[in-house]
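Position 61 (the sequence shown) corresponds to 61 in the UniProt record's numbering; numbering is contiguous. This report refers to the structure that appears directly beneath it.
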Amino acid sequence: MPKASAVSVLIVDDQQSMRGICKYILTQLGFKDIIEAKSGRDALGKLEKSHVDLIISDWNMEDIDGLTLLKVIRKHPRTQALPFIMATGRSDKEQVKEAISFGVNNYIIKPFDASTMKKRIEAVIGALS
Numbered sequence: 001m002p003k004a005s006a007v008s009v010l011i012v013d014d015q016q017s018m019r020g021i022c023k024y025i026l027t028q029l030g031f032k033d034i035i036e037a038k039s040g041r042d043a044l045g046k047l048e049k050s051h052v053d054l055i056i057s058d059w060n061m062e063d064i065d066g067l068t069l070l071k072v073i074r075k076h077p078r079t080q081a082l083p084f085i086m087a088t089g090r091s092d093k094e095q096v097k098e099a100i101s102f103g104v105n106n107y108i109i110k111p112f113d114a115s116t117m118k119k120r121i122e123a124v125i126g127a128l129s
């Protein structure tokens with residue numbers, strides 16, 4: 001069982017308000033090491049410099065979107081097994097299937113609450129202690 005406070009999370013979203021909400025929820029769940037990225041490009045830069053255990057990324061972003069970020073992460077040997085949760089405002093079945101085909105670990109529909117976030121994270125990394 002991973003301890004939430006020992007897990008490093010990268011939040012990727014081009015909307016500062018959404019990153020803030022996500023960070024607040026993660027803090028409520030006991031996470032302490034939270035890194036924010038404002039775009040897919042920014043996320044790739046942060047991944048080069050920081051140790052990350054879990055990525056929670058928005059799908060729709062300028063420059064590099066969530067799906068492209070997922071594809072790049074899955075191709076790189078150092079990050080290919082990194083747990084990745086996609087956040088999206090739409091529950092489009094085709095979109096979800098596409099993300100699954102590229103190795104997304106889970107997805108979460110926005111808006112979400114702490115309970116839903118916890119379930120999605122635990123389904124990917126195991127029960128939080």
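We put the beta carbon where it would ideally sit given N, CA and C, even for glycine.
Mind listing, in chain order, the continuous alpha helix (DSSP H) runs of no fewer than 4 residues lying wholly within the UniProt domain "Response regulatory" (8-125)?
Here the runs fully enclosed are 16-28, 40-49, 66-75, 93-101 and 114-125.
Whole angstroms is fine: what's the gap from K38's alpha carbon to S17's?
Going by C-alpha positions, K38 is about 11 Å away from S17.
Mapping the DSSP letters down to three states, classify S129 as helix, strand or coil.
If DSSP states are grouped into helix, strand and coil, S129 belongs with coil.
Nearest-angstrom Cβ-Cβ length linking F84 and N60, presumed shorter than 8 Å
At roughly 16 Å, the Cβ-Cβ gap does not stay under 8 Å, so F84 and N60 are not in contact.
Pick from D58, K46 and D63 that is closest to S8, judged by C-alpha positions:
Residue K46 holds the alpha-carbon nearest to the alpha-carbon of S8 among D58, K46 and D63.
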